[in-house]
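Undergrad:
Protein chains: 2
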Amino acid sequence: MSTLRFGVNYTPRHGWFHSWQDFDPARTREDLAQIAGLGLDHVRVFHLWPLLQPNRTLIRTAAVDQLVRLVDLAAEEGLDVLVDGVQGHLSSFDFYPEWTRSWHHRNVFTDPEAIEAQAVLLRTLGGALTGRPNLIGLQLGNELNNLVEHNPVTVTQVDHYLDTLLAAAREGLGAPGGLGAPGGLGSPGGLGAPGGLVTHSAYDAAWYGDDHPFTPEASARKGDVTTVHPWVFSGDCARRYGPRSPQVQHLAEYGTELATAYAVDPVRPVWVQETGAPEPHIPAADAPGFARETVLNVSGCPNLWGVTWWCSHDVDRSLADFPELEYTLGLFDSAGRPKPIAESLAATITELRAAPRTPERRETALVLDCTPSTRSTSGPGGTYFETWMELRRQGARPAVVLAERASDETYLAARGIKELLRTP
Amino acid sequence: MSTLRFGVNYTPRHGWFHSWQDFDPARTREDLAQIAGLGLDHVRVFHLWPLLQPNRTLIRTAAVDQLVRLVDLAAEEGLDVLVDGVQGHLSSFDFYPEWTRSWHHRNVFTDPEAIEAQAVLLRTLGGALTGRPNLIGLQLGNELNNLVEHNPVTVTQVDHYLDTLLAAAREGLGAPGGLGAPGGLGSPGGLGAPGGLVTHSAYDAAWYGDDHPFTPEASARKGDVTTVHPWVFSGDCARRYGPRSPQVQHLAEYGTELATAYAVDPVRPVWVQETGAPEPHIPAADAPGFARETVLNVSGCPNLWGVTWWCSHDVDRSLADFPELEYTLGLFDSAGRPKPIAESLAATITELRAAPRTPERRETALVLDCTPSTRSTSGPGGTYFETWMELRRQGARPAVVLAERASDETYLAARGIKELLRTP
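Just so you know, the protein sequences line up as chains A and B, in that order. Letter by letter, the first sequence follows residues 23 to 446 of my numbering. Letter by letter, the second sequence follows residues 23 to 446 of my numbering.
Put into structure tokens, the structure is as follows:
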């Protein structure tokens, strides 16, 4: 049993991600020290695409150096780091370099030169980051599928895009000729490229969105681990069932089991890479309890890699135009004071480290029978989702099995599944 | 008779305008010294909107400080400076802050908060720049009407936008309480705000584009001087008539006279703020001659303020995706070597300074009778344009008079016009 990882998505307290334009190691160190002070072991970090690659054939060395510096500053605070490469989407804002927009419009998923440019960027980042002992890995970018709305794309094109960029990231991290560094925290349990994990991420439409071009299979089968971002606003989960409902408190657990079902490898790790307590979906008074229950419930999942909370610091209200909920997601407020949720999360993690949970056996599975066009059954409001949650509420700890695997005895045995249930 | 001004639009040799992200005073000084070495007296400079104002309510002090530093570096080289505020459009790329795009789309011309944000930016820039003895003035931004394609707007809305932002720029430059500085080079002939000129600019569609929402009247009546950007590719001028044609060599002169006609003030200055020798419209071998003829011909216009060549340095070919012609517009190549056009321009300016031309009397005017929907008659290929050019080719030096002013004897007398001709 490997140790569960607990971390936070790092949102700089001063100037949000615009702070890259005025990178200040002292402020960064201060933020990271606060994070480490909660007992968290890692951060996920995000640079901005237009600053890294302002021209298609220009990657700014200074920006890459900043990113490496951030990783090193994290190391000084005892924090490991996952780097997201292409942002891309952050908290409702889409950061596109000018060479993809306006008169120069290029579809970032399908334009061959745009794909190649992103591949070069990922190879460059990988090459610069590799060998850093605290590097967990390199992710393609944050919730790339948020860009679908403005860059129409098919399933096949998404698969090509992800395969190309994952190969580029892997090549960057594991590049021969001295760039790659074997082992380290980047390859827990022997996973991943020599230099660290290579992953991608998507928002919940990949799991619940009928006909969405990013598929559950792409999330669960490409890259070294499956990342999930089970947000309580997706499918109006918290509004639909209430902020203290079982559906909300078991949402990360459910998302982890759902992701496990779509994997080919029965023991493929699942990383709850984003979960958070957005107001008003989760009222501030409920946030500490939500954090505790979310972490406790998901920590029993056999394949869980870890949990990375969103986010470290509230967005300062002097910055305009964020959706209201983005201003209050931090463990620390914009003045740097820890909020009750920070204390709750820290205490829960301390407990789990002191007495690690034995991964639960999940011998009963609910069979998921859907197509790409009917996958909303597995989201909030869907029959599958609600049946699973009802079983959970009754005290069962159901696994998820795809209908196409329900007769595969070898597979079921590998997962320890002994009983199959069907939705009404 | 005021002295004609000759300058260049400053395009940084290293990294083009992306160099703001890695501002290097030493490189900037080197570029500016080269420019001053040609005998030019001013530069026009451009920062990037997303770097100045990455969030609607965040103006980066460091970026404003860079801009002021550039103005001061120019002063050290004996160069005056016009600052363009909102870029916006540069060489085919549109630089929009993320708070105006994608999920946050706002029409930059009509959204009240977007207009207010630009006003705040211009007030801030004006306040920071005012008092600089070498400041010519503050322009709203480079060819704002290039943004029309992606921000649909009416004439009335454009007028409101320009009036609001011109007032903001003027307020910034002339702010009471010690910010404003009277006189100086910024107000040649007593024009402009205490701290310098306040202007705006548009590409040729304002003059020649039927139904284009930026009108000739807006260009010729708002702000302290009229700026014109008579490019030889507009209306396919050089392709249509040939690179050594009279139409090409008199284009800047024609544009200046056309702008004079649309002004209310008979002596309102006109600034040929952009003209250049784009390949293949002007073959490299013809560029020196084109520059010389352009400057000599326009320098006879009674209301000319000056000429600002586009541009100082070629775009380095290591930067991708520029339209081909943008790579070769510099007076210096991307290695920093002066091109033949630089020597031609410098020699022509030296001649004109040694023996200033007496502004020509333009006693014969060709009456322009068009509406906003038929203004293409005054562009290349149009009847009016071709008639004016034929008169010019025959040795006349025709002025332009609007039909609505053709019976206004006082006005005609003020302009010294004694004869009116009509198009066939």
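Beta carbons are placed, not taken as given, at the ideal position from N, Cα and C, and that holds for glycine.
Taking only beta-carbon positions, decide if residue 33 (chain B) is within less than 9 Å of chain A.
TA: no
Undergrad: Below 8 Å on the Cβ atoms is my contact criterion, and I expect residue 33 (chain B) with residue 337 (chain B) to pass it. Report the Cβ-Cβ distance as a whole number of Å.
TA: 7 Å
Undergrad: Between residue 66 (chain B) and chain A, is the shortest Cβ-Cβ distance under 9 Å, so that the two count as touching?
TA: no
Undergrad: From which residue to which residue does the beta strand (DSSP E) around residue 159 (chain B) run?
TA: 157 to 161
Undergrad: Could you check how far apart the C-beta atoms of residue 147 (chain A) and residue 89 (chain A) are, in whole angstroms? I think they sit under 8 Å.
TA: 7 Å
Undergrad: What's the C-alpha gap between residue 359 (chain A) and residue 333 (chain A)?
TA: 14 Å
Undergrad: To the nearest angstrom, how far is the alpha carbon of residue 398 (chain B) from that of residue 256 (chain B)?
TA: 11 Å
Undergrad: When you compare the CB of residue 107 (chain A) with every CB in chain B, is at least one pair closer than 9 Å?
TA: no
Undergrad: Examine chain A for any beta-carbon lying closer than 9 Å to the beta-carbon of residue 500 (chain B), and answer yes or no.
TA: As displayed, chain B neither begins before 23 nor continues past 446, which places residue 500 (chain B) out of reach and without an answer.
Undergrad: For residue 142 (chain B) and residue 164 (chain B), what's the separation of their Cα atoms in angstroms?
TA: 18 Å
Undergrad: Closest to residue 173 (chain A) by C-alpha separation, out of A:161, A:130, A:29, would be which residue?
TA: A:130
Undergrad: Which residues does DSSP list as the beta-bridge partners of residue 17 (chain B)?
TA: Lying before the first or after the last residue shown, residue 17 (chain B) is absent from chain B, which here runs from 23 to 446.
Undergrad: Would you identify the three-state DSSP class for residue 347 (chain B), choosing helix, strand or coil?
TA: Looking at residue 347 (chain B) - three-state DSSP - the assignment turns out to be helix.
Undergrad: Considering only C-alpha positions, which residue in the set A:267, A:283, A:261 is nearest to residue 243 (chain A)?
TA: A:283
Undergrad: At the 9 Å Cβ level, is residue 357 (chain B) part of the contact set with chain A, yes or no?
TA: no
Undergrad: Can you pull the chain B residues whose beta carbon is under 7 Å from the beta carbon of residue 172 (chain A), in chain order?
TA: Within 7 Å Cβ-Cβ: 124.
Undergrad: The beta strand (DSSP E) spanning residue 412 (chain B) covers which residue range?
TA: Taken as a continuous stretch (DSSP letters only), residue 412 (chain B) belongs to no beta strand (DSSP E), being part of the alpha helix (DSSP H) at 405 to 415.
Undergrad: Here's the rule I'm using: 16 or more other beta-carbon atoms within 10 Å means buried, otherwise exposed. How should residue 138 (chain A) be labelled?
TA: Answer is exposed; the Cβ neighbour count stays below 16.
Undergrad: Consider the Cβ of residue 235 (chain B): report whether some Cβ of chain A lies at a distance smaller than 9 Å.
TA: no
Undergrad: Please work out which residues of its chain come closer than 6 Å, Cβ to Cβ, to residue 97 (chain B), disregarding the five sequence neighbours upstream and downstream, and give them in chain order.
TA: 156
Undergrad: Examine the Cβ distances between the region 55 to 62 of chain B and the region 77 to 94 of chain B and report whether three or more of them are shorter than 8 Å.
TA: no
Undergrad: Just the Cα atoms here: how many angstroms apart are residue 309 (chain A) and residue 64 (chain A)?
TA: 21 Å
Undergrad: Between the Cα of residue 68 (chain A) and the Cα atoms of A:103, A:48, A:426, which residue gives the shortest distance?
TA: A:103
Undergrad: Just to confirm, are residue 228 (chain B) and residue 221 (chain B) a CB contact at a threshold of 9 Å?
TA: no
Undergrad: Out of A:234, A:61, A:446, state which residue places its alpha-carbon closest to the alpha-carbon of residue 395 (chain A).
TA: A:234
Undergrad: Compile a chain-ordered list of the residues in the region 328 to 344 of chain B whose CB is closer than 8 Å to at least one CB of chain A.
TA: Only those residues of the region 328 to 344 of chain B whose C-beta falls short of 8 Å from the nearest C-beta of chain A are listed: 340, 341, 342, 343.
Undergrad: Using CA coordinates, which residue listed in B:78, B:416, B:296 is at the minimum distance from residue 278 (chain B)?
TA: Considering only alpha carbons, the answer is B:296.
Undergrad: So that I know if they touch, is there some Cβ in chain B lying closer than 9 Å to that of residue 114 (chain A)?
TA: yes
Undergrad: With contact counted as at least three CB pairs below 8 Å, one residue from each stretch, are the region 321 to 331 of chain A and the region 266 to 273 of chain A in contact?
TA: no
Undergrad: Taking only beta-carbon atoms, is residue 78 (chain B) less than 9 Å away from chain A?
TA: yes
Undergrad: Rounded to whole angstroms, how far is the Cβ of residue 325 (chain A) from the Cβ of residue 286 (chain A), which I believe are closer than 8 Å?
TA: Going by Cβ atoms, the distance from residue 325 (chain A) to residue 286 (chain A) rounds to 13 Å, so no, they are not a contact pair.
Undergrad: Does residue 144 (chain B) come within less than 9 Å of chain A when only Cβ atoms are used?
TA: no
Undergrad: What residues in its chain sit with their C-beta under 6 Å from that of residue 384 (chain B), if we drop five residues either side in the sequence?
TA: 419, 421
Undergrad: Under the assumption that residue 316 (chain A) contacts residue 274 (chain A) (Cβ atoms under 8 Å), give the Cβ distance between them as a whole number of angstroms.
TA: 5 Å
Undergrad: Give the DSSP-derived three-state secondary structure of residue 222 (chain A) in the structure shown.
TA: coil
Undergrad: Mind reading off the beta-carbon distance from residue 353 (chain B) to residue 364 (chain B)? Whole number of angstroms is fine, and I expect it under 8 Å.
TA: 4 Å
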